[in-house]
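A.B. asks: Sending over a structure as structure tokens; questions will come in a sec.
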Amino acid sequence: MTTTLIIFLTWAIVKALKAAKLSNRYLPMIALLIGIMLSFIISVFIQDDNLITNLLIGAWSGVASTGANETASKSMNAIVSTVGNLITKSK
Numbered sequence: 001m002t003t004t005l006i007i008f009l010t011w012a013i014v015k016a017l018k019a020a021k022l023s024n025r026y027l028p029m030i031a032l033l034i035g036i037m038l039s040f041i042i043s044v045f046i047q048d049d050n051l052i053t054n055l056l057i058g059a060w061s062g063v064a065s066t067g068a069n070e071t072a073s074k075s076m077n078a079i080v081s082t083v084g085n086l087i088t089k090s091k
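Position 12, counted from 1, in the sequence shown is what the UniProt record's numbering calls 12; the numbers after and before it change by one each time, with no gaps.
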């Protein structure tokens, strides 16, 4: 239940930021950080002792809220672009 709540809240916050014309480039990282922060806040609120586990769940929830596929494809495009630039510069 808590994971679903974190995913939904993170998605809603990121959706609001996207509507505010924030660059899409930073949204996955922002979602990750929001998921971690929400998880921390909920852990403190319910006085859960498994903080590390909850932070990892928060990180996963942040990534899940933006779509793991979208995040992975953007990361891969950045890596390919960087490697391509490095190869081009070395010639």
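Even for Gly, the Cβ is constructed at its ideal location relative to N, Cα and C.
Computed from a predicted structure; not experimentally measured.
With a threshold of 16 other CB atoms inside 10 Å of the CB of residue 69, please say whether the residue is buried or exposed.
C.D. replies: Here the question's residue 69 lines up with position 69 in the sequence shown. Summary for residue 69: the model assigns pLDDT 46, below 50, so the residue's position carries little reliability; its value from the coordinates is reported in the next sentence. The residue is exposed, with fewer than 16 neighbouring Cβ atoms inside 10 Å.
A.B. asks: Classify residue 79: buried if its beta carbon has 16 or more other beta carbons within 10 angstroms, exposed otherwise.
C.D. replies: Counting from 1 along the sequence shown, the entry for residue 79 is found at position 79. Exposed: under 16 other Cβ atoms inside 10 Å.
A.B. asks: Taking 9 Å as the threshold (C-beta atoms), are residue 75 and residue 7 in contact?
C.D. replies: Here residue 7 is taken as the residue at index 7 of the sequence shown, counted from 1. Here residue 75 is taken as the residue at index 75 of the sequence shown, counted from 1. No, they are not a contact pair.
A.B. asks: With a threshold of 8 Å, are at least 3 pairs of Cβ atoms found where one atom belongs to the region 21-38 and the other to the region 53-65?
C.D. replies: yes
A.B. asks: What beta strand (DSSP E) runs, 3 residues minimum, are completely inside the region 20-49?
C.D. replies: none
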